[in-house]
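*Asks:* Following this message is one structure expressed as structure tokens.
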Ligand SMILES: [Zn+2]
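Written as structure tokens, this is what we have:
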């Protein structure tokens with residue numbers, strides 16, 4: 254394992270995870286409230302404000318997309334914590350190269366080196 258201050262990253266990952274869980278809670282409250290409003294005002298929205306109804310649908314879809322991307326990050330954070338437990342934190346999951354410290358400081362849940370990140374995202 255590269256010479257890293259593991260406890261620092263463990264703390265950063267825990268803080269990031271807590272922050273994103275809060276964000277997910279907030280988005281899910283939004284999504285839930287849309288459901289309630291939609292049920293109560295369905296007729297009015299449909300008859301009088303078709304544009305509003307479309308906007309609601311758009312907002313809800315956006316919220317769900319946001320929630321899904323937050324969940325994605327949680328998955329990566331958990332994976333990064335798993336790498337700490339396994340003693341592989343700081344090395345790329347794909348090629349095994351050392352992930353630059355500056356990258357981990359910016360993105361503590363980075364699982365790949367920059368080169369592999371590009372390849373993974375392109376595939
Ligand atoms: Zn790599």
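In my numbering, the protein residues as written are 254 to 376.
The beta carbon of each residue, even a glycine, is placed where N, CA and C say it ideally should be.
What residues in its chain sit with their C-beta under 7 Å from that of residue 294, if we drop five residues either side in the sequence?
*Replies:* Unreliable positioning characterises residue 294 in this predicted model, as indicated by a pLDDT of 49, which lies under 50. A coordinate reading is not provided.
*Asks:* Could you check where the alpha helix (DSSP H) with residue 305 kicks off and where it finishes?
*Replies:* It spans 303-339 - the alpha helix (DSSP H) in which residue 305 sits, taken as one unbroken run.
*Asks:* Please return the same chain residues whose Cβ sits closer than 8 Å to the Cβ of residue 277, not counting the five positions on each side in sequence.
*Replies:* Excluding residues within five positions, the ones whose Cβ falls inside 8 Å are 320, 323, 324, 327.
*Asks:* Let me check understanding here. Comparing Cα to Cα, which of 368, 364, 360, 304 lies closest to residue 269?
*Replies:* Comparing Cα-Cα distances from residue 269 to each of 368, 364, 360, 304, the minimum goes to 360.
*Asks:* Check whether the Cβ of residue 274 lies closer than 7 Å to any heavy atom of ligand 1, and answer yes or no.
*Replies:* Flag unset: Cβ of residue 274 not near ligand 1.
*Asks:* What are the partner residues of residue 351, as DSSP defines its beta bridges?
*Replies:* The partner list for residue 351 (beta bridge, DSSP) reads 344.
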